[in-house]
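To keep things clear, I will list the structure first and then write my remarks on it.
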Amino acid sequence: MKNIIGKVISQGLDTLIEEGLLSKEAKDSVHIERARDRQHGDFASNIAMVLAKQAKMAPCAIAEKLLAAMPSHASITEVNIAGPGFINFKLATQTQSAIIDTVRQAGEEYGKSKVGAGEKVMLEFVSSNPTGPLHVGHGRGAAYGDALRRLLNACGYEAHAEYYVNDAGRQMHILAISVYVRYLEAAGQPASLPANGYKGAYVSDLGAALYTNEGDDLLLELATLFADLPEDEEASIDALISRVQTGLGEKKYGLVFDAGLNALVEDIRQDLSEFGVEFETWYSERSLVDKGMISAAVEVLKSNGKLYEQAGAWWFKSTDYGDEKDRVVLRANGAHTYFAADIAYHLDKRQRGYDKLINIWGADHHGYIPRVKAAFSAMGEDAERLHVLWVQFAVLYRGEEKVSMSTRGGDFVTLRQLREEVGNDAARYFYVMRKPEQHMDFDLELAKSQSADNPVYYVQYAHARVCSVYRQLEEKGLQPGVDADYSLLGEQQELDLMMQLARYPEVVEKAARDYAPHQVANYLRELATAFHAYYNAHPFISSEENLRNARLALIDAVRVVIACGLNTLGVSAPEAM
RNA sequence: GCCCCGGUAGCUCAGCUGGAUAGAGCAGCCGCCUCCUAAGCGGCAGGUCGGACGUUCGAAUCGUCUCCGGGGCGCCA
Numbered sequence: 297m298k299n300i301i302g303k304v305i306s307q308g309l310d311t312l313i314e315e316g317l318l319s320k321e322a323k324d325s326v327h328i329e330r331a332r333d334r335q336h337g338d339f340a341s342n343i344a345m346v347l348a349k350q351a352k353m354a355p356c357a358i359a360e361k362l363l364a365a366m367p368s369h370a371s372i373t374e375v376n377i378a379g380p381g382f383i384n385f386k387l388a389t390q391t392q393s394a395i396i397d398t399v400r401q402a403g404e405e406y407g408k409s410k411v412g413a414g415e416k417v418m419l420e421f422v423s424s425n426p427t428g429p430l431h432v433g434h435g436r437g438a439a440y441g442d443a444l445r446r447l448l449n450a451c452g453y454e455a456h457a458e459y460y461v462n463d464a465g466r467q468m469h470i471l472a473i474s475v476y477v478r479y480l481e482a483a484g485q486p487a488s489l490p491a492n493g494y495k496g497a498y499v500s501d502l503g504a505a506l507y508t509n510e511g512d513d514l515l516l517e518l519a520t521l522f523a524d525l526p527e528d529e530e531a532s533i534d535a536l537i538s539r540v541q542t543g544l545g546e547k548k549y550g551l552v553f554d555a556g557l558n559a560l561v562e563d564i565r566q567d568l569s570e571f572g573v574e575f576e577t578w579y580s581e582r583s584l585v586d587k588g589m590i591s592a593a594v595e596v597l598k599s600n601g602k603l604y605e606q607a608g609a610w611w612f613k614s615t616d617y618g619d620e621k622d623r624v625v626l627r628a629n630g631a632h633t634y635f636a637a638d639i640a641y642h643l644d645k646r647q648r649g650y651d652k653l654i655n656i657w658g659a660d661h662h663g664y665i666p667r668v669k670a671a672f673s674a675m676g677e678d679a680e681r682l683h684v685l686w687v688q689f690a691v692l693y694r695g696e697e698k699v700s701m702s703t704r705g706g707d708f709v710t711l712r713q714l715r716e717e718v719g720n721d722a723a724r725y726f727y728v729m730r731k732p733e734q735h736m737d738f739d740l741e742l743a744k745s746q747s748a749d750n751p752v753y754y755v756q757y758a759h760a761r762v763c764s765v766y767r768q769l770e771e772k773g774l775q776p777g778v779d780a781d782y783s784l785l786g787e788q789q790e791l792d793l794m795m796q797l798a799r800y801p802e803v804v805e806k807a808a809r810d811y812a813p814h815q816v817a818n819y820l821r822e823l824a825t826a827f828h829a830y831y832n833a834h835p836f837i838s839s840e841e842n843l844r845n846a847r848l849a850l851i852d853a854v855r856v857v858i859a860c861g862l863n864t865l866g867v868s869a870p871e872a873m
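Take our numbering: the final residue in the first sequence is number 873, and no numbers are missing along the way.
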């Protein structure tokens with residue numbers, strides 16, 4: 297429809313250009329949008345106002361000349377000039393109603409496009425440290441990342457989801473030590489968890505399970521283990537880690553370490569899977585180390601002249617790329633930093649053939665973005681290929697009270713708890729209905745007690761209502777007709793619905809381009825509103841067969857689009873509620 | 001101190017590649033089930049788009065400054 301109008305305007309401009317009123321560049325400025333207000337028609341163009349300056353004419357005067365120069369078209373029933381110089385177009389009903397068949401024929405393919413042209417996209421998200429179960433903050437990243445993947449795939453990209461498992465850092469050793477202390481307790485030993493160890497109940501469960509499996513094999517002399525630990529909390533736990541490591545030896549320590557790691561990764565995987573979020577790959581940080589990829593990456597940077605040595609450490613010149621300060625990649629003690637691993641990881645993503653890399657990080661990591669982009673460039677990659685998006689935290693409230701969230705302290709609401717309370721659909725919709733960079737107040741009391749007010753039900757209800765109408769039809773022994781006369785659909789609500797249906801592919805494309813699934817959620821609410829209004833205003837199962845068939849076809853198209861949209865968000869479209 | 005994100009109706013938020021009277025949900029008030037699910041619909045009320053200046057025919061939208069809220073600035077991950 298837009299194309300038709302564009303063509304008409306373009307032809308009109310050609311005439312004016314020939315007459316010397318406008319220059320050839322005028323045609324580059326043609327912009328057509330859907331009219332905001334019904335009264336303005338269906339589409340509008342601001343071309344006359346844009347060209348006013350260049351032509352040294354009043355917008356309305358240009359509009360009038362253009363109007364006279366534009367050829368008529370069967371699909372356009374009305375053209376007029378309004379406001380400061382908008383040209384409004386009204387389309388023929390039969391042109392608009394064609395969308396009904398378009399939608400129904402496309403089915404679940406409706407709205408999909410090929411704009412991505414098969415570009416391989418790596419979407420990395422959640423990637424929470426496997427030191428505890430996912431909490432509601434991670435849920436937002438999961439819902440957002442997965443919706444984005446679905447959106448990109450709908451637009452012809454080949455998007456894969458990856459979870460980067462941080463299984464190589466100090467935090468994992470702290471988890472191991474926490475599990476070990478709980479193991480000792482399970483063995484009846486009077487051990488005590490360091491102040492900054494992981495305190496969640498799941499750690500006790502892991503310790504107890506470890507005792508069940510290994511018995512007394514992993515016991516160490518308590519007196520020497522806990523004697524004379526440094527006063528500083530961090531130093532203390534580091535000392536404890538190294539004592540347990542040497543005391544147990546590599547193999548036994550590995551048992552303890554893996555007991556925590558494997559159980560938690562599996563727990564996270566299952567949690568996400570139940571949430572409808574599946575990852576193509578789970579990428580281990582340790583595997584980067586084991587394959588020597590970190591040293592390889594460091595060597596590349598060294599040979600590119602991007603590293604220098606100072607105070608025994610190797611620094612990356614990220615300031616050359618606009619970062620605030622240079623960053624350490626190899627510490628004085630020889631160990632690589634997390635940053636070094638990340639450099640190798642991003643290089644590996646490219647080497648695995650991904651054209652575009654999208655990372656979704658929590659807001660607490662945003663200061664980290666410049667150095668990663670810097671390193672990416674320094675490796676000879678195009679920084680434009682790397683997009684780092686970040687989601688703001690969901691600040692949790694229980695009524696008026698803010699809920700503190702600390703994984704170490706074990707005081708947090710898990711994603712699983714949230715899902716059980718409000719259900720997957722409500723949780724997912726709630727998460728993605730806000731744009732990611734918006735701070736989000738997540739009131740648990742509200743989500744739990746008033747879950748029926750969640751907008752997801754409003755949209756799902758529209759879908760269920762259409763299904764219900766078709767069930768009613770069947771009960772009355774009627775069949776939806778094959779031939780429907782759409783010219784009977786002239787009611788305002790019917791035209792509104794057709795317009796909404798036609799808009800869906802544009803919404804999907806824009807949402808994918810903006811990395812903004814919330815735009816789909818907003819659209820669905822608008823479509824559902826239009827449907828509910830229609831439902832209340834007009835009976836569908838009317839006695840007049842032609843009208844009935846036309847209306848049934850229209851609402852079936854609505855059902856199809858709602859299902860498409862909900863699916864894009866990872867939310868189900870129930871046939872009954 | 002520097003950097004990033006937010007500041008739009010009582011509350012939670014859309015709108016932001018400039019465009020016509022600034023939108024939705026919730027909360028409030030008034031109506032609507034002999035009729036396809038009332039998890040619904042119709043109506044009323046509610047706004048200095050944080051503030052100032054600037055750019056423009058036109059600014060919630062762009063620029064500069066400023067105020068408020070949140071976050072980030074490790075040889076942590």
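We treat Cβ as the ideally placed atom computed from N, Cα and C, and that holds for glycine.
Exposure label - residue i; buried when at least 16 CB within 10 Å
{"i": "Val778", "result": "exposed"}
{"i": "Asp333", "result": "exposed"}
{"i": "Leu518", "result": "exposed"}
{"i": "Asp810", "result": "exposed"}
{"i": "Gln307", "result": "exposed"}
{"i": "Pro367", "result": "exposed"}
{"i": "Thr864", "result": "buried"}
{"i": "Thr710", "result": "buried"}
{"i": "Tyr725", "result": "buried"}
{"i": "Gly412", "result": "buried"}
{"i": "Arg648", "result": "exposed"}
{"i": "Lys361", "result": "buried"}
{"i": "Gly588", "result": "exposed"}
N-terminal and C-terminal residue of the beta strand (DSSP E) that residue i is part of
{"i": "Phe339", "result": "339-341"}
{"i": "Ile656", "result": "652-658"}
{"i": "Phe738", "result": "736-739"}
{"i": "Tyr459", "result": "454-461"}
{"i": "Gln606", "result": "603-606"}
{"i": "His683", "result": "682-687"}
{"i": "Ile377", "result": "372-378"}
{"i": "Glu420", "result": "416-420"}
{"i": "Ile564", "result": "Taken as a continuous stretch (DSSP letters only), Ile564 belongs to no beta strand (DSSP E), being part of the alpha helix (DSSP H) at 529-570."}
First and last residue of the uninterrupted alpha helix (DSSP H) at residue i
{"i": "Thr391", "result": "389-402"}
{"i": "Thr615", "result": "Unbroken run through Thr615: none, as it is neither H nor E."}
{"i": "Leu363", "result": "355-365"}
{"i": "Ala592", "result": "589-599"}
{"i": "Leu265", "result": "For residue 265 there is no data in the structure shown, the boundaries of the chain being 297 and 873."}
{"i": "Ser423", "result": "Neither: Ser423 is in no alpha helix (DSSP H) and is coded neither H nor E."}
{"i": "Ile300", "result": "298-314"}
{"i": "Glu771", "result": "751-771"}
For residue i, the nearest candidate out of the options (CA to CA)
{"i": "Asn845", "options": "Ile328, Asp397, Lys298", "result": "Asp397"}
{"i": "Ile654", "options": "Met675, Leu502, Trp686", "result": "Trp686"}
{"i": "Ile301", "options": "Thr391, Ala357, Ala859, Leu317", "result": "Thr391"}
{"i": "Gln606", "options": "Asp678, Ala659, Asn629, Glu871", "result": "Asn629"}
{"i": "Val573", "options": "Leu784, Val375, Arg436, Ala817", "result": "Arg436"}
{"i": "Asp463", "options": "Ala531, Ala559, Ile537, Ser580", "result": "Ser580"}
{"i": "Ser532", "options": "Ser583, Ile470, Ala483", "result": "Ile470"}
{"i": "Ser424", "options": "Val596, Asp567, Ser764", "result": "Asp567"}
{"i": "Gly337", "options": "Ile858, Met795, Ala824", "result": "Met795"}
{"i": "Val461", "options": "Ala491, Lys410, Phe421, Ser488", "result": "Phe421"}
{"i": "Tyr819", "options": "Leu862, Glu841, Tyr406", "result": "Leu862"}
{"i": "Tyr406", "options": "Phe522, Ala853, Val718", "result": "Ala853"}
Whole-Å CB distance - residue i paired with residue j, under 8 Å assumed
{"i": "Leu498", "j": "Gly428", "result": "For the sequence presented, residue 498 should be read as Tyr rather than Leu. Right, the Cβ-Cβ distance comes to about 7 Å (below 8 Å), so this counts as a contact."}
{"i": "Met873", "j": "Gln756", "result": "6 Å"}
{"i": "Tyr782", "j": "Ser393", "result": "4 Å"}
{"i": "Phe689", "j": "Ala659", "result": "6 Å"}
{"i": "Arg799", "j": "Pro751", "result": "Not confirmed; about 19 Å, so no contact."}
{"i": "Val540", "j": "Ile639", "result": "About 30 Å; that fails the 8 Å criterion."}
{"i": "Ala439", "j": "Tyr727", "result": "4 Å"}
Exercise. Taking one C-beta from the segment 657-668 and one from the segment 613-633 each time, how about it: are there three or more such pairs within less than 8 Å?
Worked result: Pairwise C-beta distances place the segment 657-668 in contact with the segment 613-633, as three or more of them are shorter than 8 Å.
Exercise. Would you call the segment 800-809 and the segment 444-453 touching, i.e. three or more CB-CB distances under 8 Å?
Worked result: Short answer: they touch.
For this session: Take every Cβ of the segment 437-448, pair it with every Cβ of the segment 734-744, and state whether three or more of those distances are shorter than 8 Å.
Result: no
For this session: Give a yes or no on contact between the segment 409-418 and the segment 371-389, applying the rule of three or more CB pairs nearer than 8 Å.
Result: no
For this session: Evaluate contact between the segment 670-685 and the segment 712-726, counting only Cβ atoms and requiring at least three cross-stretch pairs below 8 Å.
Result: no
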